[in-house]
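The opening position of the sequence shown corresponds to residue 30 in the working numbering, with each subsequent residue numbered one higher. Glycine is no exception: its CB is placed at the ideal position from the N, C-alpha and C atoms. Keep in mind it's a predicted model, so treat the numbers as computed, not measured. Heads up, the thing below is written out as structure tokens.
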Amino acid sequence: MSSVTSKPPRILVVDDDSAVVDLMRQFFMNAGYRVEFAHHGGDALTLVQHDPPDVVLLDVTMPGMNGVEVLERILALHAALPVIIVTARSDRALAAQTRALGAFEYVTKPFEFAYLAQVVNRALTRAGEDAGEVG
Numbered sequence: 030m031s032s033v034t035s036k037p038p039r040i041l042v043v044d045d046d047s048a049v050v051d052l053m054r055q056f057f058m059n060a061g062y063r064v065e066f067a068h069h070g071g072d073a074l075t076l077v078q079h080d081p082p083d084v085v086l087l088d089v090t091m092p093g094m095n096g097v098e099v100l101e102r103i104l105a106l107h108a109a110l111p112v113i114i115v116t117a118r119s120d121r122a123l124a125a126q127t128r129a130l131g132a133f134e135y136v137t138k139p140f141e142f143a144y145l146a147q148v149v150n151r152a153l154t155r156a157g158e159d160a161g162e163v164g
């Protein structure tokens, strides 16, 4: 595996449910990713603004700022940052809305971790292609 950087990709998990955060953190850390988390949108935006991750896994239903607002603000800061919506809301209109705003994908809970990992890998591949992978 030849890579410009030896650091594994960083995932930011944004979800107000600690159990979900813990499961995702455990799965992706075991898969070799660096994982950070935020329990609400304000913390997520601070992290994205100061040190953008490689991909964001974002819940929709959270107290305060909802995931759609967070998505819009993240993409206003970093338009090419892949944001994957991960939510319990199986809502076609919401899925279409978030994709139209620029979400990479819309994944409903409960999900298979293998599927979510495939989506993350596709997002990272696309982000690398968009960045031009110079090196």
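Handout entry: Rounded separation between Leu100 and Ala129 - CA only
Key = In the sequence shown, counting from the first residue as 1, residue 100 sits at position 71. In the sequence shown, counting from the first residue as 1, residue 129 sits at position 100. Each residue's Cα considered, the two are about 11 Å apart.
Handout entry: Residues bridged to Ala9 [DSSP beta-bridge criterion]
Key = This structure does not reach residue 9, given that the chain is present from 30 up to 164, and the question cannot be answered.
Problem - Pair within 8 Å by beta-carbon distance, Val89 and Ile114 - result: Counting from one through the sequence shown, the residue named residue 89 turns up at place 60. Counting from one through the sequence shown, the residue named residue 114 turns up at place 85. Yes, the Cβ-Cβ distance between Val89 and Ile114 is below 8 Å.
Problem - Close-in-space but distant-in-sequence residues of the same chain around Glu158 (CB under 7 Å, 5 per side omitted) - result: Locating residue 158 in the sequence shown gives position 129, where the first residue counts as 1. Result list for Glu158: empty, nothing under 7 Å.
Exercise for the section: Would you list, in sequence order, the uninterrupted beta strand (DSSP E) runs of no fewer than 3 residues that lie entirely inside the region 125-164? Expected result: Listed in chain order, the beta strand (DSSP E) runs fully inside the region 125-164 are 134-137, counting runs of at least 3 residues.
Problem - Three CB pairs or more closer than 8 Å across the region 49-65 and the region 102-112 - result: Three or more beta-carbon pairs separated by less than 8 Å are not found between the region 49-65 and the region 102-112, which leaves the two stretches without contact.
Problem - Closest Cα partner of Phe133 within the set Ala117, Ala143, Val97, Leu52 - result: Residue 133 sits at position 104 when you count from the first residue of the sequence shown. The residue with the shortest Cα to Cα distance from Phe133 is Val97.
Exercise for the section: Pull up the DSSP beta-bridge partners for Ile113, would you. Expected result: Within the sequence shown, numbered from 1, the residue matching residue 113 stands at position 84. Per DSSP, Leu86, Glu134.
Practice task
May I have the straight-line CA-CA distance separating Lys138 from Asp46, to the nearest angstrom?
Solution key: Taking the first residue of the sequence shown as 1, we reach residue 138 at position 109. Taking the first residue of the sequence shown as 1, we reach residue 46 at position 17. If you take the alpha carbons of Lys138 and Asp46, they lie about 12 Å apart.
Exercise for the section: Along the alpha helix (DSSP H) that carries Ala105, what are the first and last residues, could you check? Expected result: Looking up residue 105 in the sequence shown gives position 76. Unbroken alpha helix (DSSP H) run through Ala105: 96-106.
Exercise for the section: Check the C-beta distance from Gly71 over to Met94 and give it rounded, since I have them as a contact under 8 Å. Expected result: Looking up residue 71 in the sequence shown gives position 42. Looking up residue 94 in the sequence shown gives position 65. Yes, they are in contact, since the Cβ atoms of Gly71 and Met94 sit about 6 Å apart, within 8 Å.
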